[in-house]
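Colleague: Quick note, the sequences are listed as chains C and R, same order. Going by our numbering, the letters in the first sequence line up with residues 1 to 260, in that order. Going by our numbering, the letters in the second sequence line up with residues 1001 to 1260, in that order. A virtual CB, placed ideally from N, CA and C, is assigned to each residue, including glycine.
There are 2 protein chains.
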Amino acid sequence: MSVVSLHEPSHRETLWELEAAFARGDTVSVFGECTVEYDGRAASSLGPGARLLVLKPDGTALVHTDEGRTPVNWQPPGSEHRAAVRDGRLRVRSTRTNPSETLNVRFSAVDHLAAYAVTGGRSVDVVGSEADLKARILEEPSLVADGFEPQATERETDAGPVDVFGVDADGHPVVVELKRRRVGPDAVGQLARYVSAVEREEPDGTPVGGVLVAPSVTDRAAELLAEEGLDHVAVDRLVAETDGTELEETDVVGDDDTVG
Amino acid sequence: MSVVSLHEPSHRETLWELEAAFARGDTVSVFGECTVEYDGRAASSLGPGARLLVLKPDGTALVHTDEGRTPVNWQPPGSEHRAAVRDGRLRVRSTRTNPSETLNVRFSAVDHLAAYAVTGGRSVDVVGSEADLKARILEEPSLVADGFEPQATERETDAGPVDVFGVDADGHPVVVELKRRRVGPDAVGQLARYVSAVEREEPDGTPVGGVLVAPSVTDRAAELLAEEGLDHVAVDRLVAETDGTELEETDVVGDDDTVG
DNA sequence: GCCTAGGTCCCGTCA
DNA sequence: TGACGGGGCCTAGGC
């Protein structure tokens, strides 16, 4: 694959290469001194500094500082990138509609630009998601409660879709909410909402059970569960149950040629 | 500022330059053909493809494809980057503890590398946050209800902190939940949790009001509010109330030197 | 360190 | 298209 890279280009050179890169569908990285302004769902302004700007062919724009996983400013996919030279500065503007948002990056100097055709697989199979937990529960419903029988997943209620819905050993409805990680009060509120919604559907007086399936719960969540008469079932994360040593095996001790 | 850039470097050259960049505290962008493996809170594997790898001096690692604002794989700040040549491939590994996580990027070929000292302001003042909405409410409490008197913000309850707590014209407690954007059932659940918690604290029978302050609510959220006896007050987002045309004014019609 | 909730959350999925 | 909830969410603020 070929890369186009410019070292300390003039604004005109940068402009030209950005145009070419957009036309090719390349992904572009730009290092330089810039200010950033954003206006849309919120608004922000960022003073001068040396930063990394990444522009993707799908309309994504990312402004990164030297810290943090989250870009300091950005524009989501679907935006439109345009570049121009104004007032002696290179301006890269990315706009989108619905909601209407504008990102404005103004470079006083561009120190480096690289354009490259990024291709290949984009999605990863993530193991250990809530979907995996659901499969595990459906495979072994007794994990939820002895005699529990699942009847539906994503069952709709007035309060939203229930992860797993079924009946207990007595035939009473049970709402199951699944979480892949330790949960706090919000998850209890979610489960309580679903239970209330099902109770409203049922004939008066029918008891409706609620079970929160998660690796663990915070103290406050436990209190709220007790107050609401709901249950918690601890189920370890699936990824922990597998022999997760594959990555390690590739890393033999005694590395040569190692830095960092 | 100076940039070091390598065009189609050998693995040894890449290794050397990565070591130097890490030592200098530079931010690095690498374009090349790679596979990615991740193991930690979840696990994933990404087949061969041309991608962008960004390495920051704070330990952040980002693997980007040509689509999406979210990196296809990453490592959060605080991780440790190491590079090595193994089996004819350049391996960049980023690890962290608590939780224990490993990101493994293996390059069959590096097409471009650039290292640069990213510096300057990192944080932006975002206007239009929930904090701004709170200030607006405290400034003009009648927006919540005629005669509403705020008494505390972030008041603690058994169910978590209440955004704004006060009393209505009759002296009865009122719980206010603020949202900067249109809300769904989850926000209603949150408000209901807080109201229930305050009711538990109060002498039996004391009515406790609940008000959701948000630009708008979904139909389902409105139903749930009604069922819970809670109120909604529509307050437009603050950013919309300002003359949000600053960015536009800088963009005079009839751009010269515009591409894209 | 954990807990709690916000976020320009992003993102997929489904009605 | 909007709505709804998951996420390796990330991040800030308390305790």
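#1: Taking 6 Å as the limit between beta carbons, can you name the residues of its chain near arginine 1155/R, skipping five residues before and five after?
#2: Taking C-alpha atoms, which residue in Ala169/C, Asn98/C, Gly189/C, Gly171/C lies nearest to glutamate 177/C?
#3: Valine 36/C and alanine 114/C look like a contact to me (Cβ under 8 Å); what is the Cβ gap, rounded to whole Å?
#4: What's the C-alpha gap between isoleucine 137/C and glycine 184/C?
#5: Around the Cβ of glycine 1147/R, are there at least 16 other Cβ atoms within 10 angstroms (buried) or fewer (exposed)?
#6: Could you round the C-beta distance between proline 99/C and glycine 59/C to whole angstroms and report it? I think they count as a contact, below 8 Å.
#7: Under 8 Å between beta-carbons, which chain R residues line up against valine 58/C? List them in chain order, please.
#8: Which complete beta strand (DSSP E) runs does the segment 19-45 of chain C hold, if anything under 3 residues is left out?
#9: Quick one: what does DSSP say histidine 112/C is sitting in, helix, strand or coil?
#10: Does the segment 1013-1032 of chain R come within contact of the segment 1105-1119 of chain R, defined as at least 3 CB pairs closer than 8 Å?
#11: Name, going along the chain, the residues of the segment 102-122 of chain C whose beta-carbon falls closer than 7 Å to a beta-carbon of chain R.
#12: In chain C, which residues lie less than 9 Å from asparagine 1073/R when you measure between Cβ atoms?
#13: Identify whether leucine 224/C lies in helix, strand or coil by the three-state DSSP scheme.
#14: I want to see whether chain R comes within less than 9 Å of alanine 192/C, judged by CB atoms only; does it?
#15: Report all residues from its chain with a CB closer than 7 Å to the CB of glutamate 1199/R; omit the five preceding and five following residues, and keep chain order.
#16: State whether the segment 1071-1086 of chain R contacts the segment 1010-1017 of chain R, with contact taken as three or more CB pairs (one from each stretch) at a distance under 8 Å.
#17: I'd like to know whether the C-beta of proline 48/C is nearer than 9 Å to at least one C-beta of chain R.
#18: Check the Cβ of glycine 210/C against every Cβ in chain R and list those closer than 8 Å, keeping chain order.
#19: Interface residues of chain C around phenylalanine 1165/R at Cβ under 9 Å?
#20: Step through the CB atoms of chain R and report whether any lies within less than 9 Å of the CB of histidine 232/C.
#21: Going by DSSP, what residue range makes up the alpha helix (DSSP H) through leucine 1133/R?
#22: With 9 Å as the threshold, decide whether the Cβ of glycine 229/C is near any Cβ in chain R.
#23: Between the Cα of glutamate 130/C and the Cα atoms of Ser196/C, Ala222/C, Pro9/C, Thr153/C, which residue gives the shortest distance?
#24: At a Cβ cut of 7 Å, what residues of the segment 1001-1023 of chain R count as close to chain C, listed as they run along the chain?
#25: When the distance is taken between beta carbons, is glycine 120/C closer than 9 Å to glycine 1049/R?
#26: Chain C beta carbons: is any one of them nearer than 9 Å to that of phenylalanine 1031/R?
#27: Under the rule that 16 or more other beta-carbon atoms within 10 Å means buried, what is threonine 245/C, buried or exposed?
#28: Please classify alanine 135/C: is it buried, with 16 or more other beta-carbons within 10 angstroms of its beta-carbon, or exposed?
#29: Here's a check: name, in chain order, each residue in its chain whose Cβ is nearer than 7 Å to the Cβ of serine 1216/R, leaving out the five neighbours to either side.
#30: For valine 1239/R and chain C, any beta-carbon pair shorter than 9 Å?
#31: Please decide whether valine 127/C counts as near chain R, where near means a Cβ-Cβ distance under 9 Å.
#32: Does valine 332/C come out as helix, strand or coil in the three-state DSSP assignment?
#33: Return the bridge partner residues of serine 94/C from the DSSP annotation.
#34: Mapping the DSSP letters down to three states, classify arginine 1122/R as helix, strand or coil.
#35: Restricting to Cα atoms, I'd like to know which of Gly1068/R, Thr1027/R, Thr1065/R is closest to leucine 1055/R.
#36: Answer yes or no: does any C-beta atom of chain C fall closer than 9 Å to that of glycine 1025/R?
Modeller: So, from the data block:
#1: Answer for arginine 1155/R: Val1162, Phe1165, listed in chain order.
#2: Of Ala169/C, Asn98/C, Gly189/C, Gly171/C, the residue nearest in Cα terms is Gly189/C.
#3: No, valine 36/C and alanine 114/C are not in contact; Cβ-Cβ is about 20 Å, not under 8 Å.
#4: Spanning the two alpha carbons is a distance of roughly 21 Å.
#5: In summary, glycine 1147/R is exposed, with fewer than 16 beta-carbon neighbours lying within 10 Å of its beta-carbon over all protein chains present.
#6: Approximately 14 Å separates the beta-carbon atoms of proline 99/C and glycine 59/C; this is outside 8 Å, ruling out the contact.
#7: The sequence shown places aspartate at residue 58/C, rather than the valine named in the question. Result: Asp1066, Glu1067, Gly1068.
#8: The qualifying runs are 27-39.
#9: Note: histidine 112/C maps to strand in three-state DSSP.
#10: Because the criterion of three Cβ pairs below 8 Å is met, the segment 1013-1032 of chain R and the segment 1105-1119 of chain R touch.
#11: So the list reads Thr102, Asn104, Asp111, His112, Ala114, Tyr116, Ala117, Val118, Thr119, Gly120, Gly121, Arg122, given in the order they occur along the chain.
#12: Correct list: Val124.
#13: Leucine 224/C: helix per DSSP, three-state reduction.
#14: Closer than 9 Å: yes.
#15: The beta carbon of glutamate 1199/R sits closer than 7 Å to those of Val1208, all from its chain and outside the five residues before and after it, given in chain order.
#16: Contact holds: three or more Cβ-Cβ distances are below 8 Å.
#17: By this cut-off, proline 48/C is an interface position.
#18: Taking a Cβ-Cβ cut-off of 8 Å, glycine 210/C has no neighbours in chain R, whose nearest Cβ is about 13 Å from it.
#19: Within 9 Å Cβ-Cβ: nothing; phenylalanine 1165/R doesn't reach chain C, min ~17 Å.
#20: Chain R places no beta carbon closer than 9 Å to that of histidine 232/C, leaving this residue out of the contacts.
#21: Where leucine 1133/R is concerned, the enclosing alpha helix (DSSP H) stretches over 1130-1139.
#22: Put simply, the CB of glycine 229/C is far from chain R, with every gap to its CB atoms at 9 Å or more.
#23: Comparing Cα positions, the closest option is Thr153/C.
#24: Within the segment 1001-1023 of chain R, the qualifying residues are Met1001, Val1003, Ser1005, His1007, Leu1015, Leu1018, Glu1019, Phe1022.
#25: At a Cβ-Cβ threshold of 9 Å, glycine 1049/R and glycine 120/C count as neighbours.
#26: True, the Cβ-Cβ gap to chain C drops below 9 Å.
#27: Residue confidence is low: threonine 245/C scores 37 on pLDDT, short of 50, so the model does not pin down where it sits. Its coordinate-derived value is still stated next. Threonine 245/C is exposed by the Cβ-count criterion.
#28: A residue is called buried when at least 16 other Cβ atoms come within 10 angstroms of its Cβ; alanine 135/C does not meet this threshold and is exposed.
#29: Result list for serine 1216/R: Arg1182, Ala1234, in chain order.
#30: At valine 1239/R, the pLDDT of 45 sits below 50, so the modelled position is not reliable; the number obtained from the coordinates is stated separately. Closer than 9 Å: yes.
#31: Interface residue, yes.
#32: Any property of residue 332/C remains undetermined from this structure, which presents chain C solely from 1 to 260.
#33: Per the DSSP secondary-structure output, serine 94/C pairs in a beta bridge with His81/C, Leu103/C.
#34: Residue state, collapsed to three classes: coil.
#35: Checking every option, the nearest Cα to that of leucine 1055/R belongs to Thr1027/R.
#36: True, the Cβ-Cβ gap to chain C drops below 9 Å.
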